[in-house]
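So the structure is just underneath, and the comments pick up after that.
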Amino acid sequence: MSLPKDLHDMTSSTADPSSISHNASFCLPHHPPRAASVMLSLFYTVLFIFSALGNILALCLACQKGKKINSTCVYLVHLAVSDLLFTLALPGKITYYMLDFSWPFGEGLCRLTAFIFYVNTYGGIYLMTCVSVDRYLAVVCTQQGPRLRSASRARLVCVAVWALAALQTVPLLSMSMSKPVAGKITCMEYVSVKEVFWLPPIVLVACVISFCGPVGIMLFCYMKITLKLCGTAQGNPLTSEKGHHRRACALTLTVLVAVVVCFSPYHLNIIQFMVRQMLYLPSCPEQRAFEVSLQLTVSLMNMNCGIDPIIYFFASTHYRKWLLSILKLRAPASSSSSSLGRASSETDNIDQIGGSLPLEENKV
Numbered sequence: 168m169s170l171p172k173d174l175h176d177m178t179s180s181t182a183d184p185s186s187i188s189h190n191a192s193f194c195l196p197h198h199p200p201r202a203a204s205v206m207l208s209l210f211y212t213v214l215f216i217f218s219a220l221g222n223i224l225a226l227c228l229a230c231q232k233g234k235k236i237n238s239t240c241v242y243l244v245h246l247a248v249s250d251l252l253f254t255l256a257l258p259g260k261i262t263y264y265m266l267d268f269s270w271p272f273g274e275g276l277c278r279l280t281a282f283i284f285y286v287n288t289y290g291g292i293y294l295m296t297c298v299s300v301d302r303y304l305a306v307v308c309t310q311q312g313p314r315l316r317s318a319s320r321a322r323l324v325c326v327a328v329w330a331l332a333a334l335q336t337v338p339l340l341s342m343s344m345s346k347p348v349a350g351k352i353t354c355m356e357y358v359s360v361k362e363v364f365w366l367p368p369i370v371l372v373a374c375v376i377s378f379c380g381p382v383g384i385m386l387f388c389y390m391k392i393t394l395k396l397c398g399t400a401q402g403n404p405l406t407s408e409k410g411h412h413r414r415a416c417a418l419t420l421t422v423l424v425a426v427v428v429c430f431s432p433y434h435l436n437i438i439q440f441m442v443r444q445m446l447y448l449p450s451c452p453e454q455r456a457f458e459v460s461l462q463l464t465v466s467l468m469n470m471n472c473g474i475d476p477i478i479y480f481f482a483s484t485h486y487r488k489w490l491l492s493i494l495k496l497r498a499p500a501s502s503s504s505s506s507l508g509r510a511s512s513e514t515d516n517i518d519q520i521g522g523s524l525p526l527e528e529n530k531v
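In structure tokens, the structure reads:
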């Protein structure tokens, strides 16, 4: 009695490893090498320390200022809070990698970690977009800007940002995010979610809403800001001679590059693989290559929570003086604290772009 054709094909595929490697339906479980877990655990440990210290200092500086908080400060405070909330999820990831890609905390905490990870990732992107629009209104739309940039309005926008990020991320709490692989329990890996129904179109729509749209808005805002700063500097010989417009343009470019470098590789990687998955069934080598690239691009994206404090450091003279005074590298804290009440950041000076472009305090 011969086996049915489908069953015969299945057994022959199982017996032939070469056919398995090229058939996505029969991909064998793949476990990353030990070197990968060591490198990732070290990377996230350094990121945890740097992000926690940098964002805590940023929040302390914001809370100590005697001046009334403006809209830019509201967005930056929420961005620092977002980074800190994301930092809370890092100890679990560090433990996961230290145990060689083995999650010891159960399915519930794995889902919660995934929720915190993504809600703060996309909340951070939206908040950076808000900062870009806020800068655009302050520098380019000088007539309507003051009315649209009130602190109360900025707080309402932040509430909407958090609500949007939470709504689009909350479905993760109902999905299984852990899976046994090669004798270990993985967490937040592609293997855990690749069987989700309609995953490719869902992911593509999320990427358009959460990445392509915000980056497009930021590109537009920073292009207009740079053109306005450079145009104003050309009409002001003193400002052009001192190079303040170049520093302001360099700062806006630095923020944009930080966003693009951190978030683009992950989202472009996701988009290209999901498009291929909609067109055909990827082979085992393609899936494994995607999983490896996912680890790298996710790590790069997570670096954003450590890069934000660097942007605060170079963007704000007061943040820089206050931090250096704490580290005992410059003047005592009393001298820097006297400057905290004068302005919230370099953005307060750029707000006066309609006048003589006083960017003295924007020196990097």
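Start counting the sequence shown at 168; every next residue gets the next number (my numbering).
Cβ atoms here follow ideal geometry from the backbone N, Cα and C, with glycine treated the same way.
Cys374 is a Cβ neighbour of Ile438, given a cutoff of 8 Å. Closest in alpha carbon position to His198, among Asp250, Leu246 and Ser269, is Ser269. Following the DSSP letters along the chain, one finds Thr309 in no alpha helix (DSSP H), marked with neither H nor E. DSSP links Pro347 through a beta bridge to Ile352. Three or more Cβ pairs closer than 8 Å define a contact, and the region 249-262 meets that threshold against the region 458-475. Contact fails between the region 296-314 and the region 349-366, because fewer than three Cβ pairs, one in each stretch, are under 8 Å apart. If you look at Asn469, you'll find it in the alpha helix (DSSP H) that goes Cys451 to Asn469.
Gly291 has its alpha-carbon roughly 11 Å from the corresponding atom of Phe378.
Sorting Phe215, Leu386, Val465 and Met344 by C-alpha distance to the C-alpha of Cys297 places Leu386 at the top. The C-alpha of Leu279 lies about 18 Å from the C-alpha of Val358. Look at Arg322 here: in three-state DSSP terms it is helix. Between Cys325 and Val241, the beta carbon gap of about 6 Å places them in contact (Cβ cut-off 8 Å). Tyr211 and Leu257 have their C-alpha atoms some 7 Å from each other.
Taking 8 Å as the cut-off, the Cβ atoms of Cys277 and Met344 count as close. One alpha carbon belongs to Leu209, the other to Gly221, and they sit about 18 Å apart.
Pairwise C-beta distances place the region 309-329 out of contact with the region 361-369, as fewer than three of them are shorter than 8 Å. In this structure Ile283 does not touch Leu246 by the C-beta definition: roughly 16 Å separates them, more than the 8 Å allowed. Residue environment: Phe430 is assigned as buried (16 or more neighbouring CB atoms within 10 Å of its CB, all protein chains considered). Going by C-alpha positions, Ala219 is about 38 Å away from Gln444. Cys388 is classed as buried because its beta carbon has at least 16 other beta carbons within 10 Å across all chains shown.
For Tyr285, the secondary structure class from DSSP, reduced to helix, strand or coil, is helix. A straight line joining the alpha-carbon of Lys395 with that of Ala330 spans about 33 Å.
Ranked by Cα distance from Ala225, the options Leu340, Pro476 and Gln462 are led by Pro476. By the 16-neighbour rule on beta-carbons within 10 angstroms, Tyr447 is exposed. A Cβ-Cβ separation of about 5 Å places Tyr285 in contact with Thr336 under the 8 Å criterion. By the beta-carbon neighbour count (other beta carbons within 10 angstroms, threshold 16), Glu356 is buried. Contact between Tyr433 and Val465 is confirmed by a C-beta separation of about 6 Å, below the 8 Å threshold. Inclusion of Tyr264 and Leu207 in the CB contact set at 8 Å is warranted, their separation being smaller than that value. DSSP places Pro271 outside both helix and strand once states are collapsed to three, so it counts as coil. Counting of Cβ neighbours within 10 angstroms places Gly275 among the exposed residues, the total staying below 16. Annotated as proximal: Val244 and Ala229, with beta-carbon spacing under 8 Å.
When C-alpha distances from Ala202 are compared across Asp267, Asn237 and Ile216, the shortest belongs to Asp267. For Met342, there is no enclosing alpha helix (DSSP H), as DSSP gives it neither H nor E.
Between Lys391 and Val459, the alpha-carbon positions lie close to 38 Å from each other.
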